[in-house]
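Under my numbering, the first residue of the sequence shown is numbered 8, with each subsequent residue one higher.
The beta carbon of each residue, even a glycine, is placed where N, CA and C say it ideally should be.
Bear in mind that the values here come from a model prediction, so they are computed numbers and not experimental data.
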Amino acid sequence: MKKSKGSVESDISKAITQWEKDYLGRGSVSVKTDILRDMVIVNLQGVLTPAEYSVCETKDGMLTVKKTRSELVESGLENLKEIIFANSEEKVKSFHSDISSRTGERVMVFKLYNDLEKKFS
Numbered sequence: 008m009k010k011s012k013g014s015v016e017s018d019i020s021k022a023i024t025q026w027e028k029d030y031l032g033r034g035s036v037s038v039k040t041d042i043l044r045d046m047v048i049v050n051l052q053g054v055l056t057p058a059e060y061s062v063c064e065t066k067d068g069m070l071t072v073k074k075t076r077s078e079l080v081e082s083g084l085e086n087l088k089e090i091i092f093a094n095s096e097e098k099v100k101s102f103h104s105d106i107s108s109r110t111g112e113r114v115m116v117f118k119l120y121n122d123l124e125k126k127f128s
């Protein structure tokens, strides 16, 4: 791999931001990607809309927003896996994600088959 670790992290952040705009209809406020061993960790800030924050004021509303957002992201998982592969040349073994209804932050963790960080040593 010829690119630096920082360059790959930046490219993944840009690609996921574009995916959000194209697939979900809006992007997050900021995206930061970190490569750690066999994981690509993506931290997205400002994911929720003002209306979703209002709905999240009740427990039922919060659970509904989390479930809906989770289903939306999961429905586009193949595209997300392609983004990771296109930028890292590594296949995704598993995907984990959660969203905070309090901060509007989403964390995505892509677990890879191989240690991507070693490629940059």
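Beta-carbon gap between E64 and V72 smaller than 8 Å: Sequence index remark: in the sequence shown, residue 64 carries index 57 (1-based). Sequence index remark: in the sequence shown, residue 72 carries index 65 (1-based). Cβ distance not < 8 Å, so E64 and V72 don't count as in contact.
In angstroms with no decimal places, state the Cα-to-Cα distance between A22 and L43. Position 15 of the sequence shown, counted from the start, is the residue given in the question as residue 22. Position 36 of the sequence shown, counted from the start, is the residue given in the question as residue 43. Cα to Cα, A22 sits roughly 19 Å from L43.
Where N86 falls: helix, strand or coil (DSSP): Within the sequence shown, the letter at position 79 stands for residue 86. Looking at N86 - three-state DSSP - the assignment turns out to be helix.
Can you confirm whether the segment 24-38 touches the segment 101-110 when touching is taken to mean that 3 or more C-beta pairs between the two stretches lie within less than 8 Å? no
Pull the bridge partners of R113 from the DSSP assignment, please. Residue numbering aside, residue 113 sits at position 106 when the sequence shown is read from its first letter. Looking at the DSSP assignment, R113 forms a beta bridge with L51 and I106.
Check whether the Cβ atoms of F117 and V99 lie closer than 8 Å to each other. Within the sequence shown, residue 117 is the residue found at index 110, counting from 1. Within the sequence shown, residue 99 is the residue found at index 92, counting from 1. Going by C-beta atoms, F117 is nearer than 8 Å to V99.
Could you work out which residue in N94, S107, G68 and S108 is closest to L123 when comparing CA atoms only? Counting from 1 along the sequence shown, the entry for residue 123 is found at position 116. Measuring from the Cα of L123, the nearest candidate turns out to be N94.
Am I right that V49 and I19 are in contact with their C-beta atoms under 8 Å? What's the rounded C-beta distance? Position 42 of the sequence shown, counted from the first residue, corresponds to residue 49. Position 12 of the sequence shown, counted from the first residue, corresponds to residue 19. That belief holds up - the Cβ atoms of V49 and I19 are roughly 7 Å apart, short of 8 Å.
Which runs of the beta strand (DSSP E), 3 residues or longer, sit entirely within the segment 12-76? 37-43 and 46-52
Nearest residue (CA-CA) to E16, options L84, I91 and L55: Residue mapping note: residue 16 aligns to position 9 of the sequence shown, counting from 1. With distances taken between Cα atoms, E16 lies closest to I91.
Beta-bridge partners of L119, as assigned by DSSP: On the sequence shown, position 112 is the one that residue 119 refers to. DSSP lists V99 as partners of L119.
Can you give me the C-alpha to C-alpha distance between L70 and L51, rounded to a whole angstrom? The count along the sequence shown starts at 1 and reaches residue 70 at position 63. The count along the sequence shown starts at 1 and reaches residue 51 at position 44. For L70 and L51, the distance between alpha carbons rounds to 19 Å.
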